[in-house]
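Note that my numbering has the sequence shown beginning at 4, numbered continuously upward.
For each residue, glycine too, the CB sits at the ideal point set by N, CA and C.
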Amino acid sequence: MSRAELYELNINAWSFPPTFPNLASKLDTSIKKNTGFIKKLRLGITKDTLPGYLEDLKNVSLSKYLSEVCSTLATETLLKISNKQEDLHAAVQVISALHQRFGTEFTEPFFALWLNSFDCESRTKDCVTDNDIVSSLKSIASQIYILCELQIVQG
4 MSRAELYELN INAWSFPPTF PNLASKLDTS IKKNTGFIKK LRLGITKDTL
54 PGYLEDLKNV SLSKYLSEVC STLATETLLK ISNKQEDLHA AVQVISALHQ
104 RFGTEFTEPF FALWLNSFDC ESRTKDCVTD NDIVSSLKSI ASQIYILCEL
154 QIVQG
């Protein structure tokens, strides 16, 4: 999806109620499907897993688990994302889709949690070797890239 398309969808999501394209008329509220989505988030976001995330967002309720989705995405998933361009763009699309689906109910708590993870000093203090420091800084660089992309497409 292009930046312009994401921008238009995200701008519309700031209105109440948020609108998510192709949302199923009956959402799956089963614990298995909802926790399955969170488990998938813990595994990470890549270009290859993006279609599965978008499909789940169309069909799974997630309303009761939104705080866990925010927490998992902000404190686990994005901390270990690769710095491949296509994976970073996939993360932007998943975050945008969650924003389109849930609006400020997702966006505000997610950003509050996620922005706390940008503290370079606390992330590098436990690093033993130079390789550990470089790895940690690459992770921060990936997150800064995602933040910049989100700024472009969030409006």
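For N37, the closest C-alpha among the options K29, R45 and S66 is that of S66.
L76 sits close to I98, with the two beta carbons spaced by under 9 Å. Taking the Cα positions, S142 is about 7 Å away from I84. Spanning the alpha carbons of D90 and Q146 requires a straight line of approximately 12 Å. In the displayed model, V63 falls within a strand according to three-state DSSP. Three or more Cβ pairs drawn from the stretch 40–47 and the stretch 58–65 lie within less than 8 Å of each other, which places the two stretches in contact. The three-state secondary structure of D31, taken from DSSP, is strand.
Classified as buried, F109 has 16 or more neighbouring CB atoms from the shown chains inside 10 Å of its CB.
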